[in-house]
Amino acid sequence: MILSKLNSPVLLFLFLLASAYSAHGQAAGTGTGSTLDKVKIKSAVRYDTLASGEEAQFAVIMDIKEGWHLNAHNPTLDYLIGVDLSIDASSHAIVSDIQYPRPKQMKFAFAQDVLDVYEGTAVILAKLKTPGDLPSGAYSLTGTLQVQACSDNVCLPPSNVNLEFPLTIGEQTAASVRTELFEELANRKSATLSSGNNQIASVFNQQGTFWAFFSIFLIGLALNLTPCVYPMMSVTVSLFGGQTTRKSPSAVAAFSKALVYVLGIVFMYSTLGVMAAYTGELFGNWLQSPWVLAGIGLLIFLLSLSMFGLFELQPPSWMMQKLGKTQQASGYIGHFLSGLLVGIFAAPCIGPPVIALLAFVGAQGSPLFGFITFLVMALGLGLPYLILGTFSGLLTKMPKSGVWMVWVKKVFGVMLVGIALFYLSLAFTPGYSMYAILVALVFGGVYLGFIERSGHQRQVFRWIKYAAGTGALISAFLLFQNLQKENVKWQAYDSELIEKTDKPIMLDFYADWCIPCIELDRKTFTDGRVIDETESFLRMKVDLTHFDSRRAGELRRKYDIAGVPTILFLDAEGQEIESARVTGFLEADRFLKRVEEAKQTGGDHSE
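Numbered according to mature numbering (1 follows the signal peptide of the UniProt record, and there is no 0), the sequence shown spans residues -23 to -1, 1 to 584.
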């Protein structure tokens, strides 16, 4: 009764006071003991002998004393210390996955929130990939397990347990006495992702299903603000507004074709959700591959040629023979296939939110849930294109007495050529990608404004073309000036230097193919205030261009990087200031707030 009348801050104070008293008592030998008195920890290996190149699996078994619990890997409250397994870097094996047990949700007297905890027996599954050329023999891997035991009213000081994992390379054999344990772990849904490190999971936990799905819809809508989505807008307008049909479409027909187009986008992302649920893994990094960027660039370039009248976009003839040779069927099938293709144009920019969503869906293991989740996100992403496609389709109802529509199609064509050059440059010469836009503005402005002859006999339209060409050239000049601006002075990533320095650190994780990374470099990191305010940091760039390489994988796991760009701030002790982390593009004003947060939390060493 007394506890129920106390407010949360008072309970928190009493809980921390009790914890401090417990720590003092155990130091004197009269307390409740240490964390390791309340939990017994042992490890098991699935295969006594493993073939090189295969995956090693280890189980860390935690037997927790009755009446006590361990805080889950991602504890609900910030002041609690969660179970955390770290395996030391080794040339013999690379950690590919660590799966923590699904926590129980329980209510305790010291907190109003329901907490995620482990009770009874809880098992962590660690998977490590061995090199294909690892010689036969016996090896030893080491790691550390951090645990903190708590009861209903007190928490003991955390303990770190040193672990050893034996690895024997040779002819693979199964350890039959442990087969049942590992088969059970293999069937267990991964609980690695909880509200602590996945914002999507946090939304579901805190807001409920309806508002969580509404938030996912808004996330999809917000993805339209990322720069990689801009090509989708140009493609949409060119696809619908540049059509040459004998009969002007009605509002219903324009809307129906736009809807089919958006359904193509929705279908692609919903399929990703289903596959993520089936595999339980984060796939999709291939969407950020330079080869995919080159493919996107080539597709956009081919689409641009249709704007110059070289060909008309339509499905293959063999497909139309099966579906019927009606113009209506051709239109709807063509728009659906176009939606499938343009859905991947946004991939290089929308990595972090989509990867977080893929991770959460994979952890749930439900294909239906994965389908619905990505359906909702894709509907948000596609809504603007439904509107844009509808009204672009109605452009054909506008007067056609002149040849101005020919010029408009060529404007779309030039825009698409510039976008194609940008993507191709990202794939092969990423350092010059912004110059591809510069070249497109210069040649496009000269061609559309002063060389292209459509409607040239009409004075008003001629002056419109002159104005458009001049505007493009002015934009090219401003872009050229921006490319000459001074940028933040970066050093290449050096782990040894990080260990030695006594300065706070700013790490910029980037990739050559990453468009928001380029946007950060050209906008945020050229701002004089950002340059000055970050002078007190040791500023390093971390290259993750080869996203799935061994080195990149180790760095991504070490710093928990889901996508690029990600900027981390470390204090002078090398600990991350998590509240200051930046994921994606931020303008200078918002970025400076994160810098200020890092200085206040980690200490300003600029004096």
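Glycine included, every Cβ here is placed at the ideal spot set by N, Cα and C.
This structure is a prediction, so every number in the text was calculated from the model and none was measured.
What residues are listed by DSSP as bridge partners for Lys106? Along the sequence shown, read from residue 1 onward, the residue named residue 106 stands at position 129. DSSP, once it has assigned bridges, lists Glu32, Ile71 as partnering Lys106.
Requested in this report: Work out the CA separation of Met517 and Arg571 for me, nearest whole Å.
Outcome: To locate residue 571, count along the sequence shown from 1; it is residue 594. To locate residue 517, count along the sequence shown from 1; it is residue 540. Taking the straight line joining both Cα atoms gives about 17 angstroms.
Inter-residue CB distance, Leu270 and Tyr400 (contact presumed, cutoff 8 angstroms)
Position 293 of the sequence shown, counted from the start, is the residue given in the question as residue 270. Position 423 of the sequence shown, counted from the start, is the residue given in the question as residue 400. About 5 angstroms separates the CB atoms of Leu270 and Tyr400; that is less than 8 angstroms, so the two are in contact.
Open item on the list: Which residue marks the beginning of the alpha helix (DSSP H) containing Gly114, and which one marks its end?
Closed with: Here the question's residue 114 lines up with position 137 in the sequence shown. Taken as a continuous stretch (DSSP letters only), Gly114 belongs to no alpha helix (DSSP H), being part of the beta strand (DSSP E) at 114 to 124.
- Environment of Glu564 [buried if 16+ CB atoms lie within 10 Å]: Taking the first residue of the sequence shown as position 1, residue 564 is located at position 587. The residue in question, Glu564, is exposed, as its Cβ has fewer than 16 Cβ neighbours within 10 Å.
So, is Leu454 buried or exposed, given that buried needs 16 or more other C-beta atoms within 10 angstroms?
-> Reading the sequence shown from its first residue, position 477 is the one you call residue 454. The amino acid at residue 454 is misidentified as Leu; the sequence shows Phe. Around the beta carbon of Phe454, fewer than 16 other beta carbons lie within 10 angstroms, which makes this residue exposed.
Subject >> Beta-carbon contacts of Pro108 that lie in its chain and below 6 angstroms, excluding the five residues immediately before and after >> reply: To locate residue 108, count along the sequence shown from 1; it is residue 131. Counting only Cβ-Cβ distances below 6 angstroms, and skipping sequence neighbours, we find nothing.
- Buried or exposed: Ala533, going by 16 or more other Cβ atoms within 10 Å of its Cβ? To locate residue 533, count along the sequence shown from 1; it is residue 556. Strictly speaking, residue 533 in this sequence is Arg, with Ala absent from that position. Answer is buried; the Cβ neighbour count reaches 16.
- Which class does Lys570 belong to by DSSP, given the choice of helix, strand or coil? In the sequence shown, residue 570 corresponds to position 593, counting from 1. Helix at Lys570.
- On the DSSP bridge assignment, give the partners of Tyr77 in chain order. Here the question's residue 77 lines up with position 100 in the sequence shown. Note: Tyr77 sits in no beta bridge, so no partner.
* Of the residues Lys84, Asp74, Gly97, Leu54, which one's Cα is nearest the Cα of Ile18? -> For the purposes of this step, residue 18 is taken as residue 41 along the sequence shown, with counting starting at 1. If you compare the alpha carbons of Lys84, Asp74, Gly97, Leu54 with that of Ile18, the shortest gap goes to Gly97.
### Extent of the continuous beta strand (DSSP E) to which Arg528 belongs
Taking the first residue of the sequence shown as 1, we reach residue 528 at position 551. Arg528 -> not in any beta strand (DSSP E); alpha helix (DSSP H) instead, spanning 527 to 536.
| query | Bridge partners of Met483, per DSSP? | reply | The sequence position of residue 483 within the sequence shown is 506, counting from 1. Beta-bridge pairing links Met483 to Arg516, Phe546.
query = Cβ atoms of Met354 and Phe194: under 8 angstroms apart, would you say?
reply = For the purposes of this step, residue 194 is taken as the residue at position 217 of the sequence shown. For the purposes of this step, residue 354 is taken as the residue at position 377 of the sequence shown. In contact: Phe194 and Met354 (Cβ atoms closer than 8 angstroms).
Hey, would you say Tyr362 sits closer than 8 angstroms to Val239, going by beta carbons?
-> One-based indexing of the sequence shown puts residue 362 at position 385. One-based indexing of the sequence shown puts residue 239 at position 262. Going by C-beta atoms, Tyr362 is nearer than 8 angstroms to Val239.
(message) Judging by CA-CA distance, which residue of Val16, Leu162, His69, Trp384 is the nearest neighbour of Ala28?
(response) As a working mapping, residue 28 is identified with position 51 in the sequence shown. When the alpha-carbon of Ala28 is set against those of Val16, Leu162, His69, Trp384, the nearest one is in His69.
DSSP bridge partner residues for Met83 (one or two, in chain order): Translated into the one-based positions of the sequence shown, residue 83 becomes position 106. According to DSSP, which records beta bridges pairwise, Met83 is partnered with Leu92.
| said: Taking 8 angstroms as the cut-off, does the stretch 542 to 555 touch the stretch 522 to 531 (at least 3 CB pairs, one atom from each stretch)? | reply: Contact between the stretch 522 to 531 and the stretch 542 to 555 is not established, with fewer than three Cβ pairs separated by less than 8 angstroms.
* Collapsed DSSP secondary structure at Val138 in the structure displayed -> In the sequence shown, counting from the first residue as 1, residue 138 sits at position 161. Residue state for Val138 is assigned as strand, using DSSP reduced to three classes.
| message | I'd like to know if the stretch 476 to 484 and the stretch 493 to 503 are in contact, where contact means that at least 3 CB-CB pairs between them fall below 8 angstroms. | response | No, the stretch 476 to 484 does not touch the stretch 493 to 503.
DSSP on Glu553, reduced to helix/strand/coil?
Walking along the sequence shown from the start, residue 553 turns up at place 576. Residue state for Glu553 is assigned as strand, using DSSP reduced to three classes.
I'd like to confirm the pairing. Which residues does DSSP put opposite Asn48 in its beta bridges?
Locating residue 48 in the sequence shown gives position 71, counting from the first residue. Looking at the DSSP output, Asn48 shares a beta bridge with Val94.
So Met245 and Lys386 are in contact, right, with Cβ under 8 angstroms, and what is the actual spacing, rounded?
-> If you number the sequence shown from 1, residue 245 lands on position 268. If you number the sequence shown from 1, residue 386 lands on position 409. With a Cβ gap of about 27 angstroms, Met245 and Lys386 do not count as contacting.
| query | Using the C-alpha atoms, what's the distance from Asp489 back to Phe568? | reply | For the purposes of this step, residue 568 is taken as the residue at position 591 of the sequence shown. For the purposes of this step, residue 489 is taken as the residue at position 512 of the sequence shown. For Phe568 and Asp489, the gap between their C-alpha atoms comes out near 21 angstroms.
C-alpha gap between Phe348 and Val243, whole angstroms:
Position 371 of the sequence shown, counted from the first residue, corresponds to residue 348. Position 266 of the sequence shown, counted from the first residue, corresponds to residue 243. The straight-line gap from Cα to Cα measures roughly 10 angstroms.
| Taking the Cβ atom as the reference point for each residue, do Asp61 and His46 lie within a distance shorter than 8 angstroms? | Position 84 of the sequence shown holds residue 61. Position 69 of the sequence shown holds residue 46. No; because the gap between Cβ atoms is not below 8 angstroms, this pair is not in contact.
Does DSSP classify Gln461 as helix, strand or coil?
Locating residue 461 in the sequence shown gives position 484, counting from the first residue. Reduced to three states, the DSSP call for Gln461 is coil.
Whether Thr121 touches Ser67 by CB criterion (8 angstroms) = Taking the first residue of the sequence shown as position 1, residue 121 is located at position 144. Taking the first residue of the sequence shown as position 1, residue 67 is located at position 90. Between Thr121 and Ser67, the C-beta gap is not smaller than 8 angstroms, which leaves the two residues out of contact.
(request) Measure the C-alpha to C-alpha separation of Leu200 and Gly366 and round it to an integer number of angstroms. (result) Taking the sequence shown and counting its residues from 1, the one referred to as residue 200 is at position 223. Taking the sequence shown and counting its residues from 1, the one referred to as residue 366 is at position 389. Note on geometry: alpha-carbon atoms of Leu200 and Gly366 lie some 18 angstroms from one another.
Original post:
Cα-Cα, which of Ala230, Ile273, Arg23 is closest to Glu160?
Top reply: Counted from its first residue, the sequence shown places residue 160 at position 183. Of the listed residues, the one whose Cα sits closest to Glu160 is Arg23.
First and last residue of the uninterrupted alpha helix (DSSP H) at residue 585 | Outside the modelled stretch of the chain, which goes from -23 to 584, sits residue 585, for which no answer is possible.
key: Helix, strand or coil at Cys491 [DSSP, three-state]   = For the purposes of this step, residue 491 is taken as the residue at position 514 of the sequence shown. Cys491 falls in the coil class under three-state DSSP.
- Quick one, are the C-beta atoms of Gln34 and Leu102 less than 8 angstroms apart? As a position in the sequence shown, residue 34 is number 57, starting the count at 1. As a position in the sequence shown, residue 102 is number 125, starting the count at 1. Going by C-beta atoms, Gln34 is nearer than 8 angstroms to Leu102.
Which residues in the same chain as Ser135 place their Cβ atom closer than 7 angstroms to its Cβ, once the five residues preceding and following it in sequence are excluded?
Within the sequence shown, numbered from 1, the residue matching residue 135 stands at position 158. As written in the sequence, residue 135 is Pro, which differs from the Ser given in the question. Apart from sequence neighbours up to five positions away, the residues of its chain that approach Pro135 with a beta-carbon distance below 7 angstroms are Thr12, Ile58, Gln123, Val124, Gln125, ordered along the chain.
Q | Classification of Asp93 by the beta-carbon crowding that lies within 10 angstroms, buried from 16 upward | A | By 1-based counting over the sequence shown, the position of residue 93 is 116. Buried.
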